[in-house]
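Engineer: Per our numbering, the sequence shown starts with residue 24, numbered consecutively.
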Amino acid sequence: MEQRYKRMSSTDFDEYMSVKLAKVISNPLFPTLDSALRAGRHISSDDLDNHSLLTDFESELVGFYQRYNTELVKAPEGFFYLRPRNASLIGRSVLTELDMLVGKVLCYLYLSPERLANEGIFSHHDLYEELLSLSDEKKLIKLVTNRATGSDLDREKLFEKVRTSLRRLKKIGMVHSMGEEGKFIISDAVFRFGADARLGDDLQQAQIRLIKDGEAVVEKKVEKQPEQPSDTDEALA
């Protein structure tokens, strides 16, 4: 029978995989880290072991994920995430408009004096009240219910939708739960939603503008081209 596969020599192996890349892939932490990144999770410095692994082998892993037509990005704040490109072999999904708006409010809270005053701990109600203070309540209710009556039932639905968005953002590393139910701390990964604010002299004021204007962070008018999600959306869920 004809041999279908050529045995790979050590020279061939070195051509495709460096010793350092082989070392990181064989690390016991890598399977969990790789799965988390592929699921859209952002790895911040508070995830010490995984963040250290990414930092130590960043150049090797950048090349590794390029084989999947995906970019391993290190943000200016130091967190890592994957950004799938066109024809990427790694799946992607898109956050809802409310998810992104909640993310922007989280970024604002991260920059606020209240974060220091509260030792970085916030509650679901803190987030909800800040969202209402920075956005038009009727527009928010219409966004989640397709009507803007402003009834107590509609407000309850809005609150539940905000909690659902927060759970989605937790899965991708934007917030971390605390001991008490409904309490959380905000990761610096929320700056995915504040990229435009980095250029401003006053980051908080820039975040307020982004929230009130309802601007997308990287690519605008994503909703008009659902078949081609923006780079921000692609890696955020």
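Note that CB positions come from ideal geometry on N, CA and C, so glycine has one too.
By Cβ distance below 6 Å, which residues in the same chain neighbour residue 216 in space, the five residues on each side in sequence not counted?
Structural biologist: Contacts found: 126, 127, 130 and 240.
Engineer: Can you look up residue 64 in the DSSP assignment and give me helix, strand or coil?
Structural biologist: Note: residue 64 maps to coil in three-state DSSP.
Engineer: Hey, residue 47 and residue 83 are a contact pair by Cβ (cut 8 Å); roughly how many whole angstroms apart?
Structural biologist: That pair is a contact at about 6 Å.
Engineer: Indicate the three-state DSSP secondary structure (helix, strand or coil) for residue 187 in the structure shown.
Structural biologist: Helix, per DSSP.
Engineer: Using the rule of at least 16 other Cβ atoms within 10 Å of the residue's Cβ for burial, across every protein chain shown, is residue 222 buried or exposed?
Structural biologist: Unreliable positioning characterises residue 222 in this predicted model, as indicated by a pLDDT of 48, which lies under 50. The coordinate reading is nonetheless provided below. Result: exposed.
Engineer: How big is the Cα-Cα spacing for residue 140 and residue 199?
Structural biologist: Taking the straight line joining both Cα atoms gives about 18 Å.
Engineer: State buried or exposed for residue 173, treating a residue as buried only when at least 16 other CB atoms are found within 10 Å of its CB.
Structural biologist: Under this definition residue 173 is an exposed residue.
Engineer: Indicate the three-state DSSP secondary structure (helix, strand or coil) for residue 90 in the structure shown.
Structural biologist: Residue 90: coil per DSSP, three-state reduction.
Engineer: Taking 7 Å as the CB-CB limit, is residue 82 close to chain D?
Structural biologist: Reference to chain D is not applicable here, since this structure consists of a single protein chain.
Engineer: Put residue 164 into one of helix, strand or coil per three-state DSSP.
Structural biologist: Residue 164: helix per DSSP, three-state reduction.
Engineer: What's the gap between the Cα of residue 191 and the Cα of residue 137?
Structural biologist: Looking at the two C-alpha atoms, the distance is approximately 24 Å.
Engineer: Could you name each continuous alpha helix (DSSP H) segment of 4 residues or more that falls completely within the region 70-145, going from the start of the chain to the end?
Structural biologist: Listed in chain order, they are 71-79, 81-89, 120-134 and 136-140.
Engineer: By Cβ distance, which residues of its chain are closer than 6 Å to residue 50, with the 5 residues on each side in sequence left out?
Structural biologist: Cβ within range, chain order: n/a, list empty.
Engineer: Which value, in whole angstroms, describes the spacing of the CA atoms of residue 55 and residue 164?
Structural biologist: For residue 55 and residue 164, the distance between alpha carbons rounds to 38 Å.
Engineer: How many angstroms separate the CA atom of residue 45 from the CA atom of residue 81?
Structural biologist: Rounded to the nearest angstrom, the two C-alpha atoms are 13 Å apart.
Engineer: Return the chain-ordered list of same chain residues with a C-beta closer than 7 Å to the C-beta of residue 184, the five sequence neighbours on each side being excluded.
Structural biologist: So the qualifying residues of the chain are 121 and 167.
Engineer: Grab the span of the beta strand (DSSP E) containing residue 213 for me, first residue to last.
Structural biologist: Residue 213 -> no beta strand (DSSP E), and no H or E assigned at all.
Engineer: Classify residue 64 as buried or exposed, calling it buried when 16 or more other Cβ atoms lie within 10 Å of its own Cβ.
Structural biologist: Looking at its Cβ environment, which holds 16 or more other Cβ atoms inside 10 Å, residue 64 is buried.
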